[in-house]
Every structure is written in structure tokens, then in C-alpha cells.
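Those letters in the sequence shown? Residues 1 to 334, by our numbering.
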Amino acid sequence: MAIHAYAAGAAKAQLEPFSYEPGPLGRHEVEIAVTHCGICHSDMSMLNNEWGMSKYPLVPGHEVVGTVAALGADVTGLAVGQRVGLGWQCGSCAQCEYCRTARQHLCDGEQDTIVQHHGGFGDSVRATADFVVPIPDALPSAEAAPLLCAGNTVFTPMLRHHVDGNTRAAVVGIGGLGHIALQFLAKAGCEVTAISSTHAKDEEARSLGAGSFIATRGTGELKKAAGRFDYIISTVSAALPWEDYIAALRPQGTLVIVGVPDAAVQLGAFGLIAKEKTVAGGRAGSPWDIARMLDFAARHQVKAQIEKYPMASVNEAMARLASGQARYRVVLER
């Protein structure tokens with residue numbers, strides 16, 4: 001049976017109705033009937049072929065929430081009708097050391113949901129069962145959808161770097177990623193500081209869990225924060241004064257970069273060496289990481305702030321995200 005979706009036929013083209021035949025359901029596959037799908041900046045990057053790996057027609061959508069419509073013959077642990085989610089990955093080799101140790105997102109053979117694979121902007125999407133994660137009852141579907149990528153992207157580094165209630169943390173950028181990171185860190189018991197260019201989002205950041213706020217544009221506040229943080233996560237795409245952020249770390253502190261800067265990150269080595277500081281990359285993690293993140297979000301009532309659009313208004317929704325005015329994630333619903 002054909003899957004009906006929305007696809008772009010070329011880079012920077014509008015999304016148009018598109019149907020495709022997925023073929024027989026694989027023995028280890030799950031078909032998800034999509035009810036909600038978040039729109040991520042990665043969807044726009046793929047539509048515009050900014051990374052040089054897009055294949056058209058391209059169906060975006062990798063923040064999928066829906067119900068199990070069909071199960072492959074060898075799938076266990078899931079049931080038809082169950083509410084589930086799917087994030088950036090939809091498959092991997094299942095054989096390498098990373099796949100065997102619940103680190104499938106590091107597999108060289110990973111299959112990404114919207115990279116040469118049709119994503120969730122449609123009525124159904126398919127994935128390998130291991131990448132289909134149950135959604136806790138406490139999370140509404142629309143608010144849960146952005147957690148599958150945005151939430152996973154900011155939560156996974158917390159696991160990797162052992163962030164806990166003793167951590168003095170800061171979030172750079174109060175946007176689609178940053179507003180979720182503030183909530184996770186605050187609910188984990190951290191002392192949290194929000195960092196933005198101005199104080200315009202000061203009150204909002206505090207409502208999301210920040211205990212203090214630093215504005216960087218023309219204030220000198222960041223330099224005054226030298227030696228203050230154990231953990232800083234940068235969620236923005238702009239080039240930053242990286243040396244100032246390294247200086248803001250405490251000894252053995254970590255700066256995690258999850259937003260992709262629009263210029264090369266340049267740092268002197270001495271600022272890292274003298275106090276054993278670390279700069280690390282962060283990304284959306286494995287299905288195991290997603291499951292832990294969803295459980296945490298459900299228990300602590302972490303939700304993305306969203307704007308909802310019907311699936312048929314997908315181009316309007318994409319334009320809203322591209323405008324930079326969305327607060328803060330855009331979700332399509334069927």
C-alpha cells in the first residue's frame with residue numbers, strides 16, 4: 001500500500017504531495033502511522049542540500065510520534081496500536097562494537113531517517129524496530145515530538161559528561177535547543193545560568209529553570225564569569241568568543257558544542273591544558289539514550305514549547321521556522 005507524504009523534488013523547492021511504494025515490510029521493521037512530526041533545522045538543511053548529501057525527492061521529518069501500524073515477523077517488544085517515537089536514526093548495521101554496546105548512533109553504517117530514506121512528513125514511516133521507542137503516557141504527543149531530536153541532542157551530552165545536581169551549568173542560546181536544555185539541567189538539580197546576546201530573554205529563561213543570566217553583547221558579563229562553570233553547552237550556530245567560554249570553565253570543566261557554528265572553532269591550547277579543560281562535540285544519541293531522556297522528561301514534566309500546524313500546511317510551517325520567529329519548535333499534526 002502506498003505511503004502518502006510531502007516531498008521536495010529539488011534543493012530549496014516547495015514540498016508537494018508525494019506517494020511512494022515502500023515494498024514488503026522487513027522482518028525487523030516497524031511501520032508507524034504518523035500523528036505528529038516536529039520540524040527541525042536539520043530538515044531545512046537537508047531540503048536545501050546544505051550538507052551535500054540530499055537525495056530527491058526528499059521527504060523530511062525525524063521527530064516522529066505515532067502508533068505502530070504493522071510489525072515485521074521478527075519484531076518483539078512492540079504492539080500494534082502502541083504509541084511510539086522515531087528520531088534522527090532509523091537503522092544501523094547491528095553488528096559493530098558500537099551497535100552491540102547501545103551506541104548505534106556511532107555506527108559507520110547508521111541509517112538516518114531523512115538521509116536517502118523517506119521521513120515522517122506523511123501518513124506513515126518505516127524504521128528498524130530497535131530505533132522505535134515507546135512514548136511514556138505522561139508526555140502529550142505534540143510536545144513529545146521535538147524531544148526525539150532536539151531533546152535527545154541536549155540530554156545525551158548530560159549523560160556522557162555525568163552532569164548531576166553538583167554541576168554548575170550554563171546554556172548558550174535560548175532557542176529551539178536551549179529552552180529544552182535549561183529545563184533538563186534545572187530538573188537534574190544543576191545550578192543553571194542562561195547565556196544570550198542580550199537580556200531580552202532573561203525573564204523567560206528564569207521561568208524555564210535558569211537561576212541567573214549572562215548577556216554577552218557589550219556588557220563584560222561573560223568575562224566576569226571566569227572560572228564559574230563545570231559544564232557549558234552551546235546550542236547556537238553563530239561563531240562565539242571561544243576563549244572567553246573556555247575561561248568561564250572551572251578546572252576540568254567541559255564545553256559541549258551541539259549547535260554547528262558558521263565559522264571554524266579556533267582555540268589556543270594553553271587554556272585547555274593548564275586546568276585540564278575539555279571541548280567536546282554533542283549529538284543526538286542512541287535509542288537507549290532517547291528512552292532515558294523520555295523517561296526523565298515524563299517524570300519531571302519537561303516539555304518543548306511548540307507551535308502546531310496541520311500537515312497539509314507544511315510549507316507555511318517550514319517558512320515559520322525559517323523566519324526565526326517560532327517559539328520554539330514547530331510541530332505538524334495529522
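Backbone N, C-alpha and C define an ideal beta-carbon position, used for all residues, glycine too.
Could you please give me the residues that DSSP links to Thr128 through a beta bridge? BP columns for Thr128 point to Glu29.
Out of Met53, Val260, Ala298, point me to the one whose CA is closest to Val115's CA. If we check each option's Cα against that of Val115, Met53 comes out closest.
Reduced DSSP category for Val64 - H, G, I as helix; E, B as strand; rest coil: DSSP places Val64 in the strand class (E or B) of the three-state scheme.
Local Cβ density within 10 Å of His162, reported as buried at 16 or more and exposed below that: That one is exposed.
I'd like the list of long-range same chain contacts for Ala181, defined as Cβ closer than 7 Å, with 5 residues on each side in sequence excluded. So the qualifying residues of the chain are Val154, Val171, Ile233, Thr235.
From what residue to what residue does the alpha helix (DSSP H) around Leu321 run? Counting along the chain, the unbroken alpha helix (DSSP H) around Leu321 starts and ends at 314-322.
For Ile19, which residues in the same chain have their Cβ closer than 8 Å to its Cβ, ignoring the five residues on either side in sequence? Per the sequence shown, residue 19 should be read as Ser rather than Ile. Result list for Ser19: Ala2, Ile3, His4, Ala5, in chain order.
Distance check for Ala138 and Gln110, CA to CA, integer angstroms please. According to the sequence shown, residue 110 is Glu rather than Gln. In a straight line, the C-alpha of Glu110 is about 30 Å away from that of Ala138.
Going by beta carbon distance, what residues of the same chain come within less than 8 Å of Gly173, once the five residues before and after it are set aside? Answer for Gly173: Ile195, Ser196, Ser234, Thr235, Val236, Gly259, listed in chain order.
So, at 7 Å on beta carbons, what are the nonlocal neighbours of His300 in its own chain, with the 5 sequence-adjacent residues on each side left out? Counting only Cβ-Cβ distances below 7 Å, and skipping sequence neighbours, we find Lys187.
Measure the C-alpha to C-alpha separation of Ile290 and Asn152 and round it to an integer number of angstroms. Distance between the alpha carbons of Ile290 and Asn152 is about 6 Å.
Quick one: Cα of Tyr309 to Cα of Asp230, how far? For Tyr309 and Asp230, the distance between alpha carbons rounds to 39 Å.
When the Cβ atoms of the region 84-100 are set against those of the region 143-151, are three or more pairs found closer than 8 Å? Yes: at least three Cβ pairs fall under 8 Å.
If we call anything under 8 Å between Cβ atoms a contact, is Asp123 one with Ala33? With contacts defined by Cβ atoms closer than 8 Å, Asp123 and Ala33 form a contacting pair.
Look at the alpha carbon of Gln82 and the alpha carbon of Thr67, and state the distance between them as a whole number of angstroms. Distance between the alpha carbons of Gln82 and Thr67: 5 Å.
Consult DSSP for Tyr328 and reduce its assignment to one of helix, strand or coil. Residue state, collapsed to three classes: coil.
Compute the distance between the beta-carbons of Leu78 and Val132, then report whether it is under 8 Å. The answer is yes: Cβ separation under 8 Å.
Cβ atoms of Gly176 and Tyr328: under 8 Å apart, would you say? In terms of Cβ geometry, Tyr328 and Gly176 form a close pair [threshold 8 Å].
Inter-residue spacing [alpha-carbon to alpha-carbon] between Ile306 and Val330: Straight-line Cα distance between these residues: approximately 6 Å.
Could you tell me how far apart the beta carbons of Val59 and His118 are, in whole angstroms, since I believe they sit closer than 8 Å? Confirmed, Cβ separation roughly 4 Å.
For His179, which residues from the same chain have a beta carbon less than 7 Å from its beta carbon, with the 5 sequence-adjacent residues on both sides left out? Around His179: Leu208, Gln305, Tyr328.
Which whole runs of the alpha helix (DSSP H) in the region 190-231 are 4 residues long or more, in chain order? Within the region 190-231, the complete alpha helix (DSSP H) runs of at least 4 residues are 202-207, 221-224.
Taking Glu191 as the reference, which of His28, Arg228, Cys107, Val314 has the closest Cα? Out of His28, Arg228, Cys107, Val314, Arg228 has the C-alpha closest to the C-alpha of Glu191.
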